[in-house]
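Asks: Keeping their order, the protein sequence lines are chains A and B. Using the numbering used here, count along the first sequence one by one with no gaps and you end on 367. Using the numbering used here, count along the second sequence one by one with no gaps and you end on 367.
Number of protein chains: 2
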Amino acid sequence: MGWAGTALPGLDAEDRARLDALPVQVLPDGAHLFSPGDRPQGFAMVLSGRIEVSLTGPNGREILLYAVEPGQSCIQTTLGLLGDDAYSGEAVCIGPVRVAVIPGALFHALMARSEAFRGFVFHALATRMNDMTQLLERVAFTRVEARLAGALLDLGGHEGIVEATHADLAARIGSAREVVSRRLEAMAKRGMVSTDRGRVALLDPAALRRLAVAL
Amino acid sequence: MGWAGTALPGLDAEDRARLDALPVQVLPDGAHLFSPGDRPQGFAMVLSGRIEVSLTGPNGREILLYAVEPGQSCIQTTLGLLGDDAYSGEAVCIGPVRVAVIPGALFHALMARSEAFRGFVFHALATRMNDMTQLLERVAFTRVEARLAGALLDLGGHEGIVEATHADLAARIGSAREVVSRRLEAMAKRGMVSTDRGRVALLDPAALRRLAVAL
DNA sequence: CAGGGGCGGTGATCACGTCACAGACCCGGA
DNA sequence: TCCGGGTCTGTGACGTGATCACCGCCCCTG
Chain A
153 MGWAGTALPG LDAEDRARLD ALPVQVLPDG AHLFSPGDRP QGFAMVLSGR
203 IEVSLTGPNG REILLYAVEP GQSCIQTTLG LLGDDAYSGE AVCIGPVRVA
253 VIPGALFHAL MARSEAFRGF VFHALATRMN DMTQLLERVA FTRVEARLAG
303 ALLDLGGHEG IVEATHADLA ARIGSAREVV SRRLEAMAKR GMVSTDRGRV
353 ALLDPAALRR LAVAL
Chain B
153 MGWAGTALPG LDAEDRARLD ALPVQVLPDG AHLFSPGDRP QGFAMVLSGR
203 IEVSLTGPNG REILLYAVEP GQSCIQTTLG LLGDDAYSGE AVCIGPVRVA
253 VIPGALFHAL MARSEAFRGF VFHALATRMN DMTQLLERVA FTRVEARLAG
303 ALLDLGGHEG IVEATHADLA ARIGSAREVV SRRLEAMAKR GMVSTDRGRV
353 ALLDPAALRR LAVAL
């Protein structure tokens with residue numbers, strides 16, 4: 153049972169078989185799928201695991217651009233195949249990741265003949281573009297506290313436990329470790345969270361949601 | 153003599169004729185091509201003039217996302233046609249603008265059959281995505297002074313005269329009017345610029361270029 | 001059990017954003 | 001010509017964020 157049928161509904165049987173026949177790479181946790189300045193070798197589809205794409209500033213600060221979940225493609229590879237720019241972001245694997253890489257030639261052939269494939273690629277591009285716009289809006293206009301609250305809600309699953317260091321959180325929201333420490337302390341004082349080494353417990357998700365949407 | 157031949161080289165004669173036959177809208181200076189929440193009606197190509205797309209925060213602050221020059225398409229319309237998101241940006245005309253709007257059906261037909269058209273659309277998307285990434289990087293990681301220097305260099309043509317108010321500059325770089333005033337004053341004290349009501353003269357472009365690339 | 005490295009807390013200082021307000025300038029109407 | 005409102009710019013005060021320089025603390029490993 154191949155992946156193409158589920159990830160790309162609407163593809164005809166022949167193309168589906170072609171994609172299912174592609175080799176699947178398995179990358180270990182922490183592996184770099186690409187780094188700034190690399191040039192793409194193909195169109196990458198994530199089958200399992202998760203890839204986080206982030207930007208690193210000259211001073212060493214980082215910010216998470218977006219994550220690629222199973223069934224999604226990494227649009228940075230797409231863009232590299234289309235425009236001819238090198239990557240500016242950096243992609244690292246979170247947990248072991250299986251990816252199928254569609255070579256450039258096959259990618260262009262599919263774009264030419266398959267309505268379904270085009271739709272998939274475009275939809276992915278549109279979604280990412282929207283994500284980026286929203287991220288830009290948040291970075292440009294909202295305070296650290298709101299971004300932090302949002303990140304905590306994203307990370308804390310149903311149990312409301314976030315396993316991340318202050319530095320991790322800072323990288324995620326594009327701020328500095330000390331700032332995150334101080335904001336968390338303030339939130340703890342207000343009873344919204346409690347902190348522990350390498351972990352944050354969300355005590356009052358509703359209050360955090362209010363914070364996250366605030367100016 | 154139609155526009156399609158120059159804007160979209162490689163298109164076959166029949167498609168070119170179809171595009172040249174489209175009505176051309178003329179929009180006055182300051183007109184809004186779209187506003188946040190609008191839904192796109194077609195794929196817009198700018199023939200002359202210039203459209204600036206910017207984001208407005210809840211507090212009223214603005215930041216310029218990118219400009220659409222003649223021969224380019226507005227990718228926000230593209231994205232709207234593909235994904236099904238409404239606009240989040242706001243597009244205003246700078247000077248009178250002539251645009252050709254390609255209806256959704258024709259757009260999709262061209263995407264299906266024309267290699268050249270696909271290439272154009274993809275290239276535009278890739279370029280914009282890269283622009284956005286760079287902007288995000290600048291907003292997240294560089295100081296106001298560097299962004300301001302960059303904006304001044306962008307705006308000051310060969311004569312090095314920028315016709316813009318402090319508020320205009322602030323909107324362009326996503327900062328506040330008072331901050332721009334103070335930074336300009338500091339630059340003036342260092343002999344890089346001189347300011348006047350509604351105008352900034354660039355006295356030392358080289359120094360500004362150094363500032364613009366600095367951390 | 002002694003280091004050492006990763007993690008978190010703190011104070012000082014500077015850059016930025018925000019608010020409130022005061023001049024200065026511009027332009028049109030009386 | 002003078003007046004008055006709108007726009008543009010300058011200024012002080014204050015809170016938030018970023019950065020630097022530290023210093024503890026916990027945990028792991030040798």
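Beta carbons are placed, not taken as given, at the ideal position from N, Cα and C, and that holds for glycine.
Identify which residue in Arg335/A, Asn211/A and Leu199/A has its Cα closest to the Cα of Pro222/A.
Replies: For the residues Arg335/A, Asn211/A and Leu199/A, the minimum Cα distance to Pro222/A belongs to Leu199/A.
Asks: Give me the subset of the segment 240–266 of chain A whose CB atoms are less than 8 angstroms from a CB atom of chain B, sorted by chain position.
Replies: If the cut-off is 8 angstroms between Cβ atoms, the segment 240–266 of chain A has Ser240, Gly241, Met263 and Ala264 near chain B.
Asks: Run the CB neighbour count on His310/B, radius 10 Å, all protein chains shown included, and call it buried at 16 or more, exposed below.
Replies: So His310/B counts as exposed.
Asks: With a threshold of 16 other CB atoms inside 10 Å of the CB of Gly326/B, please say whether the residue is buried or exposed.
Replies: Classification of Gly326/B: buried, given that the 10 Å Cβ count is 16 or more.
Asks: Considering only C-alpha positions, which residue in the set Ala366/A, Gly350/A, Val249/A and Pro161/A is nearest to Ala301/A?
Replies: Ranking the options by Cα distance to Ala301/A, first place goes to Ala366/A.
Asks: Name the chain B residues whose beta carbon is nearer than 8 angstroms to that of Met284/A?
Replies: Those within 8 angstroms of Met284/A in chain B are Met281, Met284, Thr285 and Leu288.
Asks: Between the C-alpha atoms of Leu360/A and Glu330/B, what's the straight-line distance to the nearest angstrom?
Replies: Cα to Cα, Leu360/A sits roughly 32 angstroms from Glu330/B.
Asks: Look at the Cβ atom of Val251/B, then the Cβ atom of Ile203/B, and state whether they are nearer than 9 angstroms.
Replies: Against a cut-off of 9 angstroms, the Cβ pair of Ile203/B and Val251/B comes out as a contact.
Asks: Spell out a yes or no on whether the segment 270–288 of chain A and the segment 169–185 of chain B are touching, meaning 3 or more CB-CB pairs, one atom from each, closer than 8 angstroms.
Replies: No, the segment 270–288 of chain A is not in contact with the segment 169–185 of chain B.
Asks: Between Arg299/A and Ala353/A, what straight-line distance do the alpha-carbon atoms span, to the nearest angstrom?
Replies: Each residue's Cα considered, the two are about 17 angstroms apart.
Asks: Inspect the CB distances between the segment 274–287 of chain B and the segment 332–342 of chain B and report whether three or more fall short of 8 angstroms.
Replies: Output reads no: the segment 332–342 of chain B does not touch the segment 274–287 of chain B.
Asks: Out of Thr229/A, Ile246/A, Arg191/A and Gly162/A, point me to the one whose CA is closest to Val219/A's CA.
Replies: Val is not the amino acid found at residue 219/A; the sequence shown has Ala there. Ranking the options by Cα distance to Ala219/A, first place goes to Ile246/A.
Asks: Compare the C-beta of Pro161/B against all C-beta atoms of chain A and say whether one is closer than 9 angstroms.
Replies: No - not a single Cβ of chain A is within 9 angstroms of the one on Pro161/B.
Asks: So who's on the other strand from Phe186/A, going by DSSP bridges?
Replies: Looking at the DSSP assignment, Phe186/A forms a beta bridge with Ala243/A.
Asks: Over what stretch of residues does the alpha helix (DSSP H) that includes Met339/B continue unbroken?
Replies: Counting along the chain, the alpha helix (DSSP H) containing Met339/B begins and ends at Arg329 to Lys341.
Asks: Suppose you measure from the CA of Asp164/A to the CA of His260/A; what does that come to, to the nearest Å?
Replies: Roughly 16 angstroms separates the two Cα atoms.
Asks: On the premise that Ile227/B lies in contact with Ala276/B, defined as a C-beta separation below 8 angstroms, what is that separation, rounded to the nearest angstrom?
Replies: Confirmed, about 6 angstroms.
Asks: Beta carbon of Gly241/A, beta carbon of Gly194/A: below 9 angstroms?
Replies: No. Outside cutoff.
Asks: Expressed to the nearest angstrom, what Euclidean distance is found between the alpha-carbon atoms of Ala319/A and Gly212/A?
Replies: Spanning the two alpha carbons is a distance of roughly 12 angstroms.
Asks: DSSP three-state call for Ala252/B: helix, strand or coil?
Replies: Reduced to three states, the DSSP call for Ala252/B is strand.
Asks: Using 8 angstroms for Cβ pairs, my map puts Ser266/B next to Asp172/B. What's the rounded Cβ distance?
Replies: Not quite, the Cβ-Cβ distance comes to about 15 angstroms (not below 8 angstroms), so this is no contact.
Asks: Which of the three DSSP states is assigned to Arg213/A in this structure?
Replies: Three-state result, Arg213/A: coil.
Asks: Among the residues of its own chain, which have a CB less than 7 angstroms from the CB of Ser346/A, if the five just before and after it don't count?
Replies: Here the set comprises Ala340, Ala353 and Leu355.
Asks: Check the Cβ-Cβ distances between Pro192/A and every residue of chain B, and say whether any is below 9 angstroms.
Replies: Pro192/A does not count as touching chain B.
Asks: Can you pull the chain A neighbours of Val220/B, defined as C-beta to C-beta under 7 angstroms?
Replies: Those within 7 angstroms of Val220/B in chain A number zero; the least Cβ separation is about 15 angstroms.
Asks: Does DSSP put Gln228/B in a helix, a strand or coil?
Replies: Three-state result, Gln228/B: helix.
Asks: Using the beta-carbon count (16 or more within 10 Å), is Val205/A buried or exposed?
Replies: Buried.
Asks: What would DSSP say about Arg202/A, mapped onto helix, strand or coil?
Replies: Strand.
Asks: Does the Cβ of Ile254/A have 16 or more other Cβ atoms within 10 Å, making it buried, or fewer, making it exposed?
Replies: Buried, because 16 or more other Cβ atoms sit within 10 Å of the Cβ of Ile254/A.
Asks: Answer with yes or no whether the minimum CB distance from Leu207/A to chain B is below 9 angstroms.
Replies: Yes, Leu207/A counts as interfacial toward chain B.
Asks: Name the chain A residues whose beta carbon is nearer than 9 angstroms to that of Phe293/B?
Replies: Ordered by position in chain A, the residues that pass the 9 angstroms Cβ test against Phe293/B are Leu207, Thr208, Gly209, Pro210, Asn211, Arg213, Ile215 and Gly326.
Asks: So, using beta-carbon positions, are Thr229/A and Pro192/A closer together than 9 angstroms?
Replies: Going by C-beta atoms, Thr229/A is nearer than 9 angstroms to Pro192/A.
Asks: Taking only beta-carbon positions, decide if Thr229/A is within less than 9 angstroms of chain B.
Replies: False, the Cβ-Cβ gap to chain B never drops below 9 angstroms.
Asks: Looking at the structure shown, is Ala366/A part of a helix, part of a strand, or coil, going by DSSP?
Replies: Coil at Ala366/A, not helix or strand.
Asks: Taking 7 angstroms as the limit between beta carbons, can you name the residues of its chain near Thr208/B, skipping five residues before and five after?
Replies: Result list for Thr208/B: Glu214 and Glu242, in chain order.
Asks: In the segment 347–363 of chain B, which residues sit with their C-beta less than 7 angstroms from some C-beta in chain A, listed in chain order?
Replies: Listed by position, the residues of the segment 347–363 of chain B near chain A (Cβ gap below 7 angstroms) amount to none.
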